[in-house]
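**Student:**
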Amino acid sequence: MSAPVHEERRIVAGTRLRLWSAGTGPPLLYLHGANGAHWLPGHDLLAAHCRVLLPEHPGWGEDDLAGGLEELADLVYFYLDLLDALDLAQVHLVGHSLGGWLAAEIAVGQAHRLWTLTLVDAAGLWLNEAPLPDLFALSPAEATRLATFNPAAAEAALAAAATPAAQAAQQRARAAFARVAWNPYLHNPRLPTRLHRVRVPTLLLWGAADRVIPPAYADAYARWLPDARVVLLPECGHSPPREQPTAFARAVLEFLRQHAPAAGRLA
Amino acid sequence: MEFHCFHLMPWPYLPPDFDARYSSAWVTCPNALYDPERGHALYHRYLDELELAERLGFDGVCVNEHHQTAYGLMPAPNVIAATLARRTQRIKIALMGNAIPLRDHPLRIAEEVAMLDVITGGRIISGFVRGIGCEYHSFGVNPTWSRERFEEGIDLIVRAWTEPGPWSHWGKHYRVRYVNPWPRPLQQPHPPVWLPGTGSIETIETAVARRWPYVRTYDTIDDIAVMYDDLRERARRQGYEPSPDQIGWMVPIYVADTDAKAIAEAGPHVEYLFHWLSKRPAEFSQPPGYVTPRSTRRGLEVARSRSVAELNARGIVVFGSPETVRQRLAEAHRRLGYGKLVGLLQFGSLPHEQTVANMTAFAEEILPFVRALDGPPAPAATAPREVPA
């Protein structure tokens, strides 16, 4: 039995924000990837043990960031505003894909606001020896197929996204994605020199078969981060909370149980 | 009425299996398909055609900017214009580039166009374009900033031409403490500016606000008519009636003895343009954020899968006997009110001899008629300027 999901809209630092939440216990802020905010089965499983907060990045949905979205740092500061608005001194921070890059940038600047950091198939880095595919050159269908381990699951996701409303939302999300990630492509060249500042327990949770941001990037993060461990999920592509929700939630919860400081301990 | 001869300088030697083997003539089309030896001869052939335009009495030639594509071999339109500058004496040279947002700095464009204007004795028409979506892939320029960089770049260039320097520009995309370009343009207050476009509302708004000619490329005559009615309406809301000078129409034209011969002779070559040279996935031509939601992107995509007969029937091209071409240009003039006709007289794989025949037939059979479409003849073209020995 999963906890009921609460959806609300609130104003944060002048920006209208759409926010989903469920569960009780220590807060876990989940930052979604470039495709937009989706409450997935993996989030339900986390919400059985903590209070999951899933905001929609301003610029992705109907609402724009006050002051404009010009670079990823604008979202970094917005989410610091959100922590203040929710009166959250510390959280468990989880970011997926583009949201993982965002989480890493927040952690670099504000590690003291985090109990733990979890990067899931995260963007943010560039490896010349493992160049990332160009998502902007792929149709949404091609990108979904590339991102998904199980071909049948990819087709099901595409069928679900075939409505005009979903496609209009996707177009908006792609423009916001391009704004922050076109060039440098999905990364900040200066991030590696800053990751040593993230002195909190970090989980690098990756789909073993991720072809969008391959596991070589988990290893790269592990090299730069002071307290990180890598967990690979078998038979999983770029989106663990969608593709392997049980294994995803189990890995996150196990990490939190082992490494959360007392204040952020799971219920 | 002005007539300008447009050239794209396409690569006409794509292999016979191009369509089967390659998904795009842009961005990723392997440049191994370009042969510099043949390219050498091709540039000289195409430049000969542009120089012929002057001898045939056309008002202008238009050079063009596209990048990393078989579609057109003029990534640097100012270079092509420079080769024409001293080989021609009278004809206007219209730069249907420069793609401002793709350049690191608009002042470089202000300088180069001013150089060309001074060298040619004031024969330059400065087009400003954004570049098509594909080019944001090819250059790595963020397409979501395209519009802002375009508008700010135009503003900076026009001010650089007209406001005595040095002064400072503190913009969003460009910041320069000392704006003071040498040389300044010869034409005053600055060379005429055209905005070529494929229908983005924002570009039309800029043309209306600045009262600059808007030159519409490739679309059905019905859709272009709707677009120009809209442009006129926008101008009226700003308190003026646009003159025909502000209405430009770019269209492929081919003249032969009979309608059937025109279709037969030009058909394969224009299909090469629309089917092969224009081939690219939508993700290349429409990168995210390049077009605002309120602007629809049509342009080349409307022509992609059509046969030459259908292209001709819809007015995307004007092919036929002299009488047919005259009547269709007159009909289009009634509907569009254009005062600048920009004819693409070489297109796709159209060979040199056919191009010369087409240009000559146009000059002899069509041009006198076109010049009379909007009443008394235009003032004489620029007199040749003395060039010191």
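Residue numbers (the working numbering), protein chains in the order written: chain A, 206 to 472; chain B, 967 to 1355.
All C-beta atoms in this analysis are idealised placements derived from N, C-alpha and C, irrespective of residue type, glycine included.
On a predicted model such as this, the values are computed, not experimentally measured, just so you know.
1) Count the other CB atoms within 10 Å of the CB of His211/A; is the residue buried (16 or more) or exposed (fewer)?
2) I believe Val932/B touches Val1221/B by the beta-carbon criterion, under 8 Å. Please report the beta-carbon distance rounded to the nearest angstrom.
3) Count Cβ pairs between the segment 355-365 of chain A and the segment 330-343 of chain A that sit closer than 8 Å; are there 3 or more?
4) Check whether the Cβ of Pro1253/B lies closer than 8 Å to any Cβ atom in chain A.
5) Measuring alpha carbon to alpha carbon, tell me which residue in Gly1255/B, Val993/B, Arg1272/B is nearest Ala1036/B.
6) Would you say the beta carbon of Leu396/A is closer than 7 Å to some non-hydrogen atom of the ligand GTP?
7) Should the segment 208-223 of chain A be regarded as contacting the segment 238-252 of chain A, the criterion being three or more beta carbon pairs within less than 8 Å?
8) My guess is that Ala386/A and Leu303/A are in contact by the Cβ rule of under 8 Å, so how many angstroms apart are they, rounded?
9) Going by Cα to Cα distance, which pick from Thr1110/B, Gly1087/B, Lys1058/B, Ser989/B is closest to Ile1098/B?
10) Going by alpha carbons, who is nearest to Leu332/A out of Arg395/A, Gly314/A, Leu274/A?
11) Given that a residue counts as buried once 16 or more other Cβ atoms are within 10 Å of its Cβ, and exposed if not, what is Gly1265/B?
12) Quick check: the Cα distance between Pro1247/B and Ala468/A, rounded to an integer number of angstroms?
13) For the pair the segment 1160-1169 of chain B and the segment 1137-1150 of chain B, tell me if three or more CB-CB distances fall below 8 Å.
14) Is the segment 397-406 of chain A touching the segment 283-297 of chain A in the sense that three or more CB pairs, one from each, lie closer than 8 Å?
15) Taking the beta carbon of Ala1060/B as the centre, do at least 16 other beta carbons fall within 10 Å, making it buried, or is it exposed?
16) Decide if Ile1120/B is buried, meaning its Cβ has at least 16 other Cβ atoms within 10 Å, or exposed.
17) Name the DSSP beta bridge partners of Tyr284/A, please?
18) Quick check: what's the CA-CA separation for Ala186/A versus Gln315/A?
19) Give the single residue among Leu280/A, Leu291/A, Pro431/A whose Cα lies nearest to the Cα of Glu305/A.
20) Looking only at C-alpha atoms, which of His1135/B, Ser1104/B, Arg1260/B sits nearest to Ala373/A?
21) Got a sec: is the Cβ-Cβ distance from His1103/B to anything in chain A below 8 Å?
22) Does DSSP classify Ile216/A as helix, strand or coil?
23) For a cutoff of 8 Å on Cβ pairs, would you count Glu1249/B as touching chain A?
24) At 4 residues or longer, what runs of the alpha helix (DSSP H) sit wholly inside the segment 1234-1274 of chain B?
25) Note the first and the last residue of the continuous beta strand (DSSP E) segment covering Met1062/B.
26) Could you check where the alpha helix (DSSP H) with Ala1019/B kicks off and where it finishes?
27) Do Gly1026/B and Glu1078/B have their beta-carbon atoms positioned less than 8 Å apart in this structure?
28) Step through the CB atoms of chain B and report whether any lies within less than 8 Å of the CB of Leu285/A.
29) Just to confirm, are Arg256/A and Leu351/A a CB contact at a threshold of 8 Å?
30) With 8 Å as the threshold, decide whether the Cβ of Arg379/A is near any Cβ in chain B.
31) What residues from the segment 382-396 of chain A come within 8 Å of chain B, judged by C-beta to C-beta, listed N to C?
32) With a CB to CB cut of under 6 Å and the five nearest residues on each side skipped, what residues in its chain are close to Asn1044/B?
33) The alpha helix (DSSP H) that contains Phe984/B, what's its start and end?
34) Below 8 Å on C-beta distance, what does Leu343/A contact in chain B?
35) Tell me which same chain residues have a C-beta within less than 6 Å of the C-beta of Gly266/A, skipping the five on either side of it?
36) What residue does the alpha helix (DSSP H) around His1299/B start on, and which one ends it?
**Tutor:** Per the coordinate set shown:
1) exposed
2) Within the shown structure, residues of chain B are numbered from 967 to 1355, placing residue 932/B beyond reach of any answer.
3) no
4) yes
5) Val993/B
6) Ligands in the displayed structure: none, and consequently the ligand GTP is not present.
7) Output reads yes: the segment 238-252 of chain A touches the segment 208-223 of chain A.
8) Between the beta-carbon of Ala386/A and that of Leu303/A there is about 6 Å, and that keeps the pair under the 8 Å contact cut.
9) Thr1110/B
10) Arg395/A
11) Caution applies to Gly1265/B, whose pLDDT of 49 falls short of 50 and renders its modelled position unreliable; the value that the coordinates give is listed next. Result: buried.
12) 52 Å
13) no
14) no
15) Buried, because 16 or more other Cβ atoms sit within 10 Å of the Cβ of Ala1060/B.
16) buried
17) DSSP output for Tyr284/A lists no bridge partner at all.
18) Outside the shown range of chain A, which is 206 to 472, sits residue 186/A, and nothing can be said about it.
19) Checking the sequence shown, residue 305/A turns out to be Gly, not Glu. The residue with the shortest Cα to Cα distance from Gly305/A is Leu280/A.
20) Arg1260/B
21) yes
22) strand
23) yes
24) 1248-1251
25) 1058-1062
26) 1002-1021
27) 8 Å or more divides the Cβ of Glu1078/B from the Cβ of Gly1026/B.
28) no
29) no
30) yes
31) Phe382, Ala383, Arg384, Trp387, Asn388
32) Glu1078
33) 984-987
34) Glu1249
35) Arg223
36) 1288-1302
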